[in-house]
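2 protein chains.
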Amino acid sequence: MTLPHAIVETPVFMPVGTAGSVKAVPQHLLEELDARIILGNTYHLYLRPGHELIRRMGGLHRFMSWPRAILTDSGGFQVFSLNELRKVTEDGVEFRSHLDGSTHFFSPEHSMDVQIALGSDIAMAFDECTEYPADYGRARKSLDLTLKWAARSKEHFERHKHERPWRQGVGCRGEGTEPTQPNRALEWGAVDFEGKVPSLFGIVQGGMYKDLRRESAERLVEMDFPGYAIGGLSVGEPRELTREVIAETLPLLPADKPRYVMGVGYPDEIVEYAAMGVDMMDCVLPTRAARHGLLFTSEGRLNIKNKKFAEDEGPADPNCDCLVCRRYSRAYLRHLMAAQEPLSAVLNTVHNLAFYLETMRKVREGIEAVGAA
Amino acid sequence: MTLPHAIVETPVFMPVGTAGSVKAVPQHLLEELDARIILGNTYHLYLRPGHELIRRMGGLHRFMSWPRAILTDSGGFQVFSLNELRKVTEDGVEFRSHLDGSTHFFSPEHSMDVQIALGSDIAMAFDECTEYPADYGRARKSLDLTLKWAARSKEHFERHKHERPWRQGVGCRGEGTEPTQPNRALEWGAVDFEGKVPSLFGIVQGGMYKDLRRESAERLVEMDFPGYAIGGLSVGEPRELTREVIAETLPLLPADKPRYVMGVGYPDEIVEYAAMGVDMMDCVLPTRAARHGLLFTSEGRLNIKNKKFAEDEGPADPNCDCLVCRRYSRAYLRHLMAAQEPLSAVLNTVHNLAFYLETMRKVREGIEAVGAA
Chain A
735 MTLPHAIVET PVFMPVGTAG SVKAVPQHLL EELDARIILG NTYHLYLRPG
785 HELIRRMGGL HRFMSWPRAI LTDSGGFQVF SLNELRKVTE DGVEFRSHLD
835 GSTHFFSPEH SMDVQIALGS DIAMAFDECT EYPADYGRAR KSLDLTLKWA
885 ARSKEHFERH KHERPWRQGV GCRGEGTEPT QPNRALEWGA VDFEGKVPSL
935 FGIVQGGMYK DLRRESAERL VEMDFPGYAI GGLSVGEPRE LTREVIAETL
985 PLLPADKPRY VMGVGYPDEI VEYAAMGVDM MDCVLPTRAA RHGLLFTSEG
1035 RLNIKNKKFA EDEGPADPNC DCLVCRRYSR AYLRHLMAAQ EPLSAVLNTV
1085 HNLAFYLETM RKVREGIEAV GAA
Chain B
735 MTLPHAIVET PVFMPVGTAG SVKAVPQHLL EELDARIILG NTYHLYLRPG
785 HELIRRMGGL HRFMSWPRAI LTDSGGFQVF SLNELRKVTE DGVEFRSHLD
835 GSTHFFSPEH SMDVQIALGS DIAMAFDECT EYPADYGRAR KSLDLTLKWA
885 ARSKEHFERH KHERPWRQGV GCRGEGTEPT QPNRALEWGA VDFEGKVPSL
935 FGIVQGGMYK DLRRESAERL VEMDFPGYAI GGLSVGEPRE LTREVIAETL
985 PLLPADKPRY VMGVGYPDEI VEYAAMGVDM MDCVLPTRAA RHGLLFTSEG
1035 RLNIKNKKFA EDEGPADPNC DCLVCRRYSR AYLRHLMAAQ EPLSAVLNTV
1085 HNLAFYLETM RKVREGIEAV GAA
């Protein structure tokens, strides 16, 4: 995918940088891991520090000094998952900030405004993420809303996407850039944004109902988005059901446009879905699990807190080349967790991301090899 | 100073790596900052993960993958500062672990055993850090104990220092090293420890009493340590008093051996003391303050949480070349703190350490220039 801020090879796994930071990992280490695109959460950034502030600072890329690509979700998921007291109407969702209880309102139009102000390369349509389980009537109603909101999202996005905050000719700090001005302001890197605009992807909902998913996919394709996501998965359903919905829905989405499954998954899952043809995935799992001491390795998962590692001199993963596995022992990683040292989160996360990104790189190599044969 | 694990130019500021980690900073970033020697806290490492475990793993350098120098304190300070219920006798100190309340006993001999097991390049004599304020009688009594303990420390250390856990011919992971074995074990780097042993420094106490300090210094010099520290400062006394005690005590210590003031200080302090002839200093200030949002810069201190920085596009310190100031804005650093992001501690700490280490580098350059002139 050629995006305004980066060329991204697919299939790709996107680390989640919730509030403008992939937790515990400095941006230069993300670059070293060759992450090309990360996720930003619209809900969190809207609440803090605010999309208008970020717009004034030239957009999220510049604000967080991430020169590569960013995808923002619509804010819909967190509005629903972080807020029990919320009021959904045709127009949008009224909710209370989990930070200070203040009242806010998200609509398709407002979500587009926020994402455009953040300046992501890819924005997502504002949808209702159908809960699980949901009976057919509920999923039907939810889908109706999502489809109306998809149309409104697109209409508003197309009208305003040129208002993205990227400063023509000016990039942001990142690898290989040097300050262009002696006064060390944040202006540097010559990047050409002339004529470039963000893209809006549609999201397929419909609960676990095959016909609703079909209808959702078809209606979205009629709207002609530049990319499509399958949402409403990883919401508590059994894994076989996740796979089933993906298997049924994917073929209904144009294969010549990016197809993104949101919120997945475990390492074997992302390999499986990539082999099925999924182009993009995101999940907090590698980063969140890392902070809880769960490391993903070529030999399976390990819980680094386990006392069996207390004197284990070997690396977390003997087949991993990341800076953590090249340098630190399992014993040390275990100690850092036990001692609740801040470095624990840094190292565990760097390894898990390295594992996920390397896994996807191998998948891409494999796909390429198969293509060449 | 030529130490077994590194050559260290003085005057030097030593970052504190309390429990085997300089909080939030991976070892390769410490190397990039050109830190040559760091501090490990004997009390904390003794309690967790334990000095015997660390010995079995080849010592603290290997355990934490820090190939450069390490200085350990004696454990004395934390035994006193972290434990209200403690029993001091001629023999040593009985105290309760702050982790689980278990009872432990530290004596000069035991402190030496622990530090030798940890394998630091420089160990410190086990002393009683006299509290402030202390009347003359109290400081007198405390000094008597410290002097007895200094002699016992030295005697025991000299007898056992050869038992340090360094593995001949084998270094530990760090910059410029590659695994020497294809099975990726932690054995690599050819380092020659043949005949090399750690050094024990004596600590001058005596409260704020000039004559007691004099006596302490003279008695220690009689014992002929390879280096001397001035302890019992930064314990709540006014800064003028700190300076006074240093000014009076320093000339009593041999100028051709390292002279170390423990637990200082603010940036202007470390410059001042270095100019007075102090060779080594350590303090949690740059690292701890960082985690609270207090950044030290060439333009003075700034509290990054302040809302005046909310849209400040400039770097923390316009005159700093560290990875934080080259890349991130004050606005972003402020956001990270407000959002309680783990990256906040990483970036703030890297900057503060860069500032301290660069400050000392300039002092060394200045001293060199003066020497050459």
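Protein chains in written order, with the working numbering: chain A, 735 to 1107; chain B, 735 to 1107. Glycine is no exception: its CB is placed at the ideal position from the N, C-alpha and C atoms.
Who are residue i's beta bridge partners in DSSP?
i                       : result
residue 1110 of chain A : Only positions 735 to 1107 of chain A appear in this structure, which leaves residue 1110 of chain A out of reach.
residue 857 of chain A  : A:934
residue 1035 of chain B : B:1030
residue 704 of chain A  : What is shown of chain A runs 735 to 1107, which leaves residue 704 of chain A out entirely.
Which first and last residues belong to the alpha helix (DSSP H) in which residue i is found?
i                       : result
residue 850 of chain B  : 842 to 852
residue 748 of chain A  : Counting along the chain, residue 748 of chain A falls outside any alpha helix (DSSP H), though it belongs to the beta strand (DSSP E) covering 746 to 748.
residue 869 of chain A  : Counting along the chain, residue 869 of chain A falls outside any alpha helix (DSSP H), and DSSP gives it neither H nor E.
residue 761 of chain A  : 761 to 766
residue 811 of chain B  : 810 to 815
residue 942 of chain A  : Neither: residue 942 of chain A is in no alpha helix (DSSP H) and is coded neither H nor E.
residue 1064 of chain B : 1064 to 1072
In three-state terms, what does DSSP make of residue i?
i                       : result
residue 821 of chain A  : strand
residue 1005 of chain A : helix
residue 963 of chain A  : strand
residue 864 of chain A  : coil
residue 838 of chain A  : strand
residue 773 of chain A  : strand
residue 994 of chain A  : strand
residue 919 of chain A  : Confidence at residue 919 of chain A is low in this model, with a pLDDT of 41, below 50, so the placement of that residue should be treated as unreliable; the coordinate-derived value is given next. Coil at residue 919 of chain A, not helix or strand.
residue 1021 of chain A : helix
residue 1083 of chain B : helix
residue 1094 of chain A : helix
residue 983 of chain B  : helix
residue 754 of chain A  : coil
residue 1050 of chain B : coil
residue 958 of chain B  : coil
residue 1113 of chain A : Absent from the model: residue 1113 of chain A. The displayed extent of chain A is 735 to 1107, so no value can be given.
residue 1055 of chain A : coil
residue 988 of chain B  : coil
residue 1104 of chain A : helix
residue 893 of chain A  : helix
residue 1075 of chain B : coil
residue 968 of chain B  : coil
residue 1099 of chain A : helix
residue 1045 of chain B : coil
residue 833 of chain B  : coil
Could you please give the first and the last residue of the uninterrupted beta strand (DSSP E) stretch that includes residue i?
i                       : result
residue 1031 of chain A : 1028 to 1031
residue 1014 of chain B : 1014 to 1016
residue 828 of chain B  : 827 to 830
Give the residues of chain D in contact with residue i, contact being defined as C-beta atoms less than 8 Å apart.
i                      : result
residue 853 of chain A : Of the protein chains in the structure, A and B, none is chain D.
### Task
May I have a chain-ordered list of the alpha helix (DSSP H) segments no shorter than 4 residues that lie completely inside the region 775 to 808 of chain B?
776 to 781, 785 to 790, 794 to 798
#### Entry: Segment contact, 8 Å Cβ cut-off, at least three pairs: the region 1024 to 1038 of chain A with the region 1069 to 1082 of chain A
yes
### Task
Taking 8 Å as the threshold, find out whether the region 736 to 749 of chain A comes into contact with the region 799 to 813 of chain A through three or more Cβ pairs.
yes
### Query
Below 8 Å, can you find three or more Cβ-Cβ pairs linking the region 880 to 891 of chain B to the region 836 to 843 of chain B?
yes
### Segment contact flag, the region 778 to 787 of chain B with the region 774 to 790 of chain A, C-beta cutoff 8 Å, min 3 pairs
no
### Query
Quick one: any contact between the region 1092 to 1107 of chain A and the region 742 to 749 of chain A, if contact means 3 or more CB pairs under 8 Å?
yes
### the region 953 to 973 of chain A / the region 981 to 997 of chain A touching (three or more Cβ pairs under 8 Å)
yes
### Message
Tell me whether the region 853 to 861 of chain B and the region 931 to 940 of chain B touch, counting them as touching only if at least three CB pairs, one residue from each stretch, are closer than 8 Å.
### Response
yes
### Query
Do the region 767 to 774 of chain B and the region 1029 to 1046 of chain B meet, that is, are 3 or more Cβ pairs less than 8 Å apart?
no
### Message
Using a Cβ distance threshold of 8 Å, determine whether the region 758 to 767 of chain B contacts the region 866 to 881 of chain B, with at least three qualifying pairs required.
### Response
no
### Task
Taking 8 Å as the threshold, find out whether the region 889 to 897 of chain B comes into contact with the region 938 to 957 of chain B through three or more Cβ pairs.
no
### Task
Would you check if the region 1040 to 1050 of chain A and the region 1060 to 1067 of chain A touch, i.e. whether three or more CB-CB distances between them fall below 8 Å?
yes
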